[in-house]
Structure formats: C-alpha cells, structure tokens
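K.L.:
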Amino acid sequence: MTPFEWILAVCIAIMAATLLSGLVLVLRTSDVLARAVLADLIFYTMICIFLTWTLTNPTSIGYEVALLAAIAGGVLPTLSMARIISRGRR
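As structure tokens, this is what we get:
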C-alpha cells in the first residue's frame, strides 16, 4: 500500500467510527429533531466513505453517485428538516 492509501484507510476508519457513534445515538435518543439530524449525519458519512473509497478504486458509477448524493443529500434533507422543525405546519 502506498502512503496515500494508508491515509485514506485511516480516514475511512475514522468516518466508520463516526458512523457507528451516530447509530448508537440514534438508538439512545428520544428527541425527534436529534434523530433527524443524526440521520443526516449517517447519510453524509456513508457518502463520504464511498467517495473516499473511490479515490483508490476506480468505478464507472462513482461520479454519478456523487451527483445523486449531492442532489438528494442537499435538497431533500433540508426540506424534511424544515417540516420536522415546524411540526408539519406551513
């Protein structure tokens, strides 16, 4: 393994630890707003792990996944968070 691959492996390990701690917090908390925020954290962490992994493992769909994640990860959680905060009121 090259030094770059070692750095990426350490980064993926740190992100995986963050993902697991977010999952534990989702299971332990009873606040709906905190669960929504933690669900976004888990989603973004999974995307970040995948994109970090594609730096050393070229795939034909890596760019498309990044674009789809940017659209789904940027627009939809913002709208759903606004609905959760306002409790469905318009």
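Per UniProt numbering, the sequence shown starts with residue 1, numbered consecutively.
Where a beta carbon is used, it is the ideal one built from N, C-alpha and C, also for glycine.
Predicted model, so just to flag it, every value in this text is computed and none were measured.
Apply the 10 Å Cβ neighbour rule to Leu79 and answer buried if 16 or more other Cβ atoms are within range, or exposed otherwise.
P.N.:
As a position in the sequence shown, residue 79 is number 79, starting the count at 1. So Leu79 ends up on the exposed side.
K.L.:
Give me the Cα-Cα distance between Ser86 and Gly62, rounded to the nearest whole angstrom.
P.N.:
By 1-based counting over the sequence shown, the position of residue 86 is 86. By 1-based counting over the sequence shown, the position of residue 62 is 62. Approximately 36 angstroms between the Cα atoms of the pair.
K.L.:
On the premise that Ile84 lies in contact with Ala36, defined as a C-beta separation below 8 angstroms, what is that separation, rounded to the nearest angstrom?
P.N.:
Counting from 1 along the sequence shown, the entry for residue 36 is found at position 36. Counting from 1 along the sequence shown, the entry for residue 84 is found at position 84. That belief holds up - the Cβ atoms of Ala36 and Ile84 are roughly 5 angstroms apart, short of 8 angstroms.
K.L.:
Is Ile47 near Ala72, with beta carbons less than 7 angstroms apart?
P.N.:
Residue mapping note: residue 47 aligns to position 47 of the sequence shown, counting from 1. Residue mapping note: residue 72 aligns to position 72 of the sequence shown, counting from 1. No.
K.L.:
Please list the segments of the alpha helix (DSSP H) lying wholly inside the region 31-89, counting only runs of 4 or more residues, in order along the chain.
P.N.:
Counting whole runs of 4 or more residues, the region 31-89 contains the alpha helix (DSSP H) stretches 32-53, 62-74, 76-85.
K.L.:
So the alpha helix (DSSP H) Met15 belongs to, where does it begin and stop?
P.N.:
For this step, residue 15 is matched to residue 15 along the sequence shown. Note, Met15: alpha helix (DSSP H), 3-28.
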